[in-house]
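In the order they appear, the protein sequences are chains A and B.
Residue 82 in numbering that gives the first Met the number 0 sits at position 83 of the first sequence, with consecutive numbering throughout.
Residue 145 in numbering that gives the first Met the number 0 sits at position 146 of the second sequence, with consecutive numbering throughout.
For reference, the structure is listed below as structure tokens.
2 protein chains.
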Amino acid sequence: MKRTKNEKEAEVLEHYLTSRHLKHSKQRKIILRFFLNAGKHVSPDELYRMVQKEYPRIGYATIYRTLRLLCVSGLSRELKFQDGVARFEPQYGTAHHDHLICTKCGRLIEVMDPEIERLQEKLTKAHGFYPETHRMELYGICRRCKK
Amino acid sequence: MKRTKNEKEAEVLEHYLTSRHLKHSKQRKIILRFFLNAGKHVSPDELYRMVQKEYPRIGYATIYRTLRLLCVSGLSRELKFQDGVARFEPQYGTAHHDHLICTKCGRLIEVMDPEIERLQEKLTKAHGFYPETHRMELYGICRRCKK
DNA sequence: CTCTATGCAAAACCTTTGCATAGAA
DNA sequence: TTCTATGCAAAGGTTTTGCATAGAG
């Protein structure tokens, strides 16, 4: 259930703030809510516009600062695709995945292949690295655009 | 042999310029030379500084314009890692590869795993996409930094 | 009360663009 | 000559920062 899920994320944020003696401001709760309801991978600017409509007093700086906060508290991760624009997506309770992107229409599909994951780890270790994360983007033309 | 290799790339550029009725300027040759000798993945700024030392009259704009030219003529490809800085690497005569990056020291290793490549293509097709390119970055801690 | 967070505007980046002039073709 | 390329500076777009004030603890 959606509501419950967002509450869980609100809790994570609360806990993070409390543990660091940071403040539970209204803005942070508002921005978290918009961020979670925005769906996938918003840019700071997109998020700013959405929030603006209801809360015109909230500025860019707070959006940026809060997105960073969400990243360090584990609720968001930052993506950078080839267009260079920073995008953020919720990641709490979300399984790891990569992205398949249509170069014509921009359509974005989340993908995950355990076999690829396994080989990535193996390859990393083969070079003496301790694996941390990875990102993989597959670019192509989607079914609709191919026609 | 290095010299021969650079000559081959110079030829590619010449050919591209000629075919589009573009001009074979001194700056383009100079920047190509520095670009090829720079080693892997330079940022526009790094390239600018290198060129500056010998040719102080060459400006940022020309660096940027030439890097774009090198990309469209197939001599360079643009990379964007998590730090968001654009980097360019020579790609003529270079086999496709991905990157393994140390999150502590920034060390960068080129990697390629045919089995991963095969699975990436398969995964793309499984979603009805016609595969074009992909990018994969593996992040971890390298042997030296682990100690 | 104390001290962090906010809002605003300015600054800091990185990259692109307009325009007059240099220089290939 | 004709036109593209260059150099410079200004403009664009995105993200960060300084500072006075608001507001949470």
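Built from N, CA and C at the ideal position, the CB exists for glycine as well.
Below 8 Å on the Cβ atoms is my contact criterion, and I expect residue i with residue j to pass it. Report the Cβ-Cβ distance as a whole number of Å.
i	j	result
H23/B	E13/B	6 Å
Y138/B	T132/A	5 Å
P130/B	T123/B	4 Å
P55/A	A85/A	Not a contact, Cβ separation roughly 23 Å.
H150/A	E136/A	Outside the displayed range of chain A (0 to 146) lies residue 150/A, so it cannot be described from this structure.
Q119/B	I115/A	7 Å
V11/B	L74/B	6 Å
V110/A	H20/B	Actually they are not in contact, since the Cβ atoms of V110/A and H20/B sit about 43 Å apart, beyond 8 Å.
What are the boundary residues of the beta strand (DSSP E) that includes residue i?
i	result
R76/B	S75 to K79
M132/B	The sequence shown places Thr at residue 132/B, rather than the Met named in the question. Counting along the chain, the beta strand (DSSP E) containing T132/B begins and ends at Y129 to I140.
G85/B	Checking the sequence shown, residue 85/B turns out to be Ala, not Gly. Unbroken beta strand (DSSP E) run through A85/B: A85 to P89.
Excluding sequence positions up to five away, which residues of its chain have a Cβ less than 7 Å from the Cβ of residue i?
i	result
I140/A	C101, T102 and K103
L35/A	N5, E8 and P89
Y15/B	S72
C144/B	C101, K103 and C104
G83/A	none
S18/A	none
Report all residues from its chain with a CB closer than 8 Å to the CB of residue i; omit the five preceding and five following residues, and keep chain order.
i	result
V50/B	I29, I30, F33, I57 and I62
R76/A	C70, F87, E88 and Q90
H40/A	L78, R86, F87, E88 and L107
L46/B	I30, F33, F34, A37, I62, L66 and F87
Excluding the 5 residues flanking residue i on each side, which residues of the same chain have their C-beta closer than 6 Å to its C-beta?
i	result
R106/B	C141
F80/B	none
T65/B	R27 and I30
Considering residue i, what are the terminal residues of the alpha helix (DSSP H) in which it resides?
i	result
K103/B	Per DSSP, K103/B belongs to no alpha helix (DSSP H) and is neither H nor E.
T123/A	P113 to A125
Hey, which unbroken runs of the alpha helix (DSSP H) at 4 residues or more fall wholly within the region 10-78 of chain B? 25-36, 43-53 and 59-71
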